[in-house]
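Report on the structure given below.
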Amino acid sequence: MIYLDFAATTPVDARVLNAMLPYFNADYGNPSSIHRHGQKAEAAVDKAREKVAAILHCQPEEILFTSGGTESDNLALRGFAFSKTSSNGVRRILTAKTEHHAISRTAEYLEREHGIPIVWLEVDPYGAVVPQALERGMNESGGLVSLMLANNEIGTINPVEKLSQIARTHGAVVHSDVVQAAAYLDVNVETLGVDMISLGGHKFYGPKGIGALYVRKGMNLVPQISGGGQEFGMRSGTHNVPYIVGFAEALHLASSEREFRCTHVKPLRDRIMGTVLEQVVDSALTGHPDRRMPNHASFVFKDVDGNALLQLLDAAGFACSSGSACKTGNPEPSDVISALGISKDWALGSLRITLGVSTTESDVDRFLHALPGLVEKARGLKRKNHGDPGVN
Ligand SMILES: Cc1ncc(COP(=O)(O)O)c(C=O)c1O
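Offset between the sequence shown (1-based) and this note's numbering: plus 1180.
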């Protein structure tokens, strides 16, 4: 089986696992305990926090450990929306339909159930929020702007630096979901000019179920989990020490090996993009051709059922992803693909291929050799299901 779905999740790096192991049994203390077991665990959490802060260019107290990207996104949005004295007095959220559901569905919920006004910013045909769209959306000052750095489905990188500048000029605070981006891009909060960022460990060879939210000092977030007061009172619950240690080590490796990792995946990714567009009839790239994640290639194929194609690929030994979720036999294109304005006959045939540090030339060769035939096979199946004889 050739795994080409590293945006969905990555295996835990052996070095990360080694760093985590002692904290499962040998050093199992609770960081909140006074005794020396507790102190040892607390020291491990403190060290992990410092390590993360150094990479993000912030203070250790500005890092909150969470259960993952989804919780971090929820804490950023709900914590802002439910604050009586929201950081700038305006409880309005500006975001886009291209965001991960952890943001877009949370924004919809806040609007529906709590009357928080949501402004959906337009995206360009590559799925990026262009500065002019934010300028137009910021007709009223203040609020929270939440825009991701790199898109999980189509790989496009938003111009977050520029967008943050605009948001700040209009008195808004800025959150960015960098869950995908952190695997390959620099996530320096000063350069990005953001007030909050969300991260999740399993996208960069760390464990699942652990993440972080950077919260700039002075932000008035309302905690969403109350209890023992851990994480500076912002996220109660006994610290998951081994996972926190693993998260910090994985982020450290992603940062120190960034150049090598990018140099490895990008040429392989470029070959996939070039060859697929050349060899598969009625194929188109989704997302930006250059301003995209270096390990990410995504396409739509006309008159193909994306889920059927995934099954054919799986049977042929390739693990990939699609953007469309099949709901009770009535497939709908994903919100992200729909936001690009692609017609349904193309949008339903989406495919995402994401590479990792272990992907080889020969993996890519085998994939490129198999794909054109499998797309044709999927087209044939769709014609058959629709009773179209598909003559010629
Ligand atoms: C952009 C983005 N945000 C948030 C998430 C959710 O992260 P987690 O799986 O850590 O909850 C994901 C995961 O797919 C993602 O790609």
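Even for Gly, the Cβ is constructed at its ideal location relative to N, Cα and C.
- Under the three-state reduction of DSSP, residue 1218 is assigned to helix.
- Measuring C-alpha to C-alpha distances from residue 1545 to each of 1453, 1396 and 1244 identifies 1453 as the nearest.
- A distance of 7 Å or more separates the beta carbons of residue 1252 and residue 1401.
- The beta-carbon separation of residue 1328 and residue 1382, rounded to 17 Å, does not stay under the 8 Å limit for a contact.
- Annotation for residue 1304: 1310 place their beta carbon closer than 7 Å to its own, counting only its chain and skipping 5 residues before and after.
- For residue 1544, the enclosing alpha helix (DSSP H) covers residues 1541-1565.
- The alpha carbon of residue 1263 has as its nearest neighbour, out of 1237, 1296, 1244 and 1285, the alpha carbon of 1296.
- If you check the CB distance, residue 1378 and residue 1351 do not come in under 7 Å.
- Taking every protein chain shown into account, the CB of residue 1249 has 16 or more other CB atoms within 10 angstroms, so this residue is buried.
- 1520 is the residue among 1520, 1193, 1422 and 1189 whose C-alpha sits nearest the C-alpha of residue 1308.
- The nearest non-hydrogen atom of ligand 1 is 6 Å or more from the C-beta of residue 1198.
- Residue 1394 carries a strand assignment under DSSP once its states are collapsed to helix, strand and coil.
- A direct Cα-to-Cα measurement between residue 1198 and residue 1227 gives close to 16 Å.
- Boundaries of the beta strand (DSSP E) around residue 1533: 1530-1534.
- Following the DSSP letters along the chain, one finds residue 1357 inside the beta strand (DSSP E) bounded by residues 1353-1357.
- A Cβ-Cβ contact shorter than 7 Å links residue 1474 with residue 1364.
- Under the three-state reduction of DSSP, residue 1416 is assigned to coil, being neither helix nor strand.
- Residue range 1421-1436 is occupied by the alpha helix (DSSP H) that includes residue 1421.
- For residue 1291, the closest of 1314, 1555, 1301 and 1271 by C-alpha to C-alpha distance is 1271.
- With a cutoff of 6 Å, residue 1467 does not count as near ligand 1, since its C-beta is closer than that to no heavy atom of the ligand.
- The beta-carbon distance between residue 1421 and residue 1223, rounded to whole angstroms, is 10 Å. This is too long to meet the 8 Å contact definition.
- Under DSSP, residue 1245 takes part in a beta bridge, and its partners are 1392.
- Closest in alpha carbon position to residue 1192, among 1528, 1543, 1390 and 1548, is 1390.
- Setting aside the 5 residues that flank it on each side, residue 1283 is surrounded in the same chain by 1253, 1257, 1275, 1326, 1328 and 1357, each with a C-beta closer than 8 Å to its C-beta; the list follows chain order.
- Inclusion of residue 1280 in the 6 Å shell around ligand 1 follows from its C-beta lying nearer than that to a non-hydrogen atom of the ligand.
- In the three-state reduction of the DSSP assignment, residue 1183 falls in the strand class, which pools E and B.
- For residue 1517, there is no enclosing beta strand (DSSP E); the residue is part of the alpha helix (DSSP H) that begins and ends at 1515-1519.
- For residue 1476, the enclosing beta strand (DSSP E) begins and ends at 1476-1481.
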